[in-house]
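Novice: Here it is: the structure, laid out below.
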Amino acid sequence: MRYAEHGTLLSLIRKQGHLPEVRARRYYRQLLAALEYIHTAGYAHRDIKLENMVLDGNDRLKLIDFGFACRARDADAPVLSKTFCGSHAYASPELLQFKPYDPVHADIWASGVVLYSLLYGRLPFSNEKQVNLLLQKINRGVIFPSNITVTREVQCLLKQLFLPVAKRITWPELGRSLWFFIELEEESPGQAEWPQPAPEGVAEPSAAKRSKVDNKA
1 MRYAEHGTLL SLIRKQGHLP EVRARRYYRQ LLAALEYIHT AGYAHRDIKL
51 ENMVLDGNDR LKLIDFGFAC RARDADAPVL SKTFCGSHAY ASPELLQFKP
101 YDPVHADIWA SGVVLYSLLY GRLPFSNEKQ VNLLLQKINR GVIFPSNITV
151 TREVQCLLKQ LFLPVAKRIT WPELGRSLWF FIELEEESPG QAEWPQPAPE
201 GVAEPSAAKR SKVDNKA
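Written out as structure tokens, the structure is:
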């Protein structure tokens, strides 16, 4: 494996507290590109967390530690997992209930925990007691700190990522999320690495102006 001289995303967050939205989106796009590749191949990672993402010398995100990876699809049919894997703070509600679960949907939930942590510098669900953590995830939903301003579009996406599995955002819906198409300050041309541009003749969501939200509203 290539040397990741910039360390993990966890070490970055510990140093900086939280990231500007444009930078968080760049890393999240790179994470989704890696996850899409894995899921399309029929596998799931099952241990998505800040510690398992490193940055190389070009500031590109690399997903590491596939020790819990498993087969997730068999001829496009879900292969359910029964083993608890990963960290409780990143675990989806269905995983914490110790029932058979679709690891692809669990990866998508965990990616939302990563995105939230990049934007706010803290975990969205941090109660260490398993039962309370589960109730927190199911009943309370996600809470956005009022001291950090982000766009409405990313908050909408986070809410979709943290829904119960039957309502949670899916891969096709992720690719259409408006947040990936709005303009953010300090964004350089060519940064959009995921989703890939639509083929000719396929319409993309229209661009939207950036709209910030004060979470006190």
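Just so we're aligned, residue 1 is where the sequence shown starts under UniProt numbering, counting upward by one.
Virtual Cβ for every residue (Gly too), placed ideally from N, Cα, C.
The model shown is predicted, which means the values in this text are computed figures rather than measured ones.
(1) Using alpha carbons as the reference points, say which of R23, I38, I138, L19 lies closest to W171.
(2) Mind checking Y153: buried by the 16 CB within 10 Å criterion, or exposed?
(3) According to DSSP, simplified to helix, strand and coil, what is L80?
(4) Can you tell me whether A33 is helix, strand or coil according to DSSP?
(5) Which partner residues does L63 have in the DSSP bridge list?
(6) Counting C-beta neighbours from all protein chains within 10 Å, is the total for R176 16 or more, i.e. buried, or is it exposed?
(7) Would you mind reading off the limits of the alpha helix (DSSP H) that contains L10?
(8) How close, in whole Å, do the beta carbons of P93 and L134 come, if the pair is a contact with beta carbons under 8 Å?
(9) How would you call I143, buried or exposed, if buried means at least 16 neighbouring beta carbons within 10 angstroms?
(10) With a CB to CB cut of under 7 Å and the five nearest residues on each side skipped, what residues in its chain are close to S117?
(11) By Cβ distance below 7 Å, which residues in the same chain neighbour L10 in space, the five residues on each side in sequence not counted?
(12) Please determine, among N139, W179, P103, the residue with the shortest C-alpha to C-alpha distance to Y43.
(13) Roughly how many whole angstroms lie between the Cα atoms of G57 and R29?
(14) Using the C-alpha atoms, what's the distance from L95 back to I138?
Specialist: Answer, in terms of the structure:
(1) I38
(2) Per the sequence shown, the amino acid found at residue 153 is Glu instead of Tyr. Buried, because 16 or more other Cβ atoms sit within 10 Å of the Cβ of E153.
(3) In this structure, DSSP gives L80 a state outside helix and strand, which the three-state scheme calls coil.
(4) helix
(5) M53
(6) exposed
(7) First-last of the alpha helix (DSSP H) with L10: 9-16.
(8) Between P93 and L134, the beta carbon gap of about 6 Å places them in contact (Cβ cut-off 8 Å).
(9) exposed
(10) Only I13, L50, L123 meet the Cβ criterion.
(11) L50, E51
(12) P103
(13) Their backbone Cα atoms lie some 18 Å apart in a straight line.
(14) 12 Å
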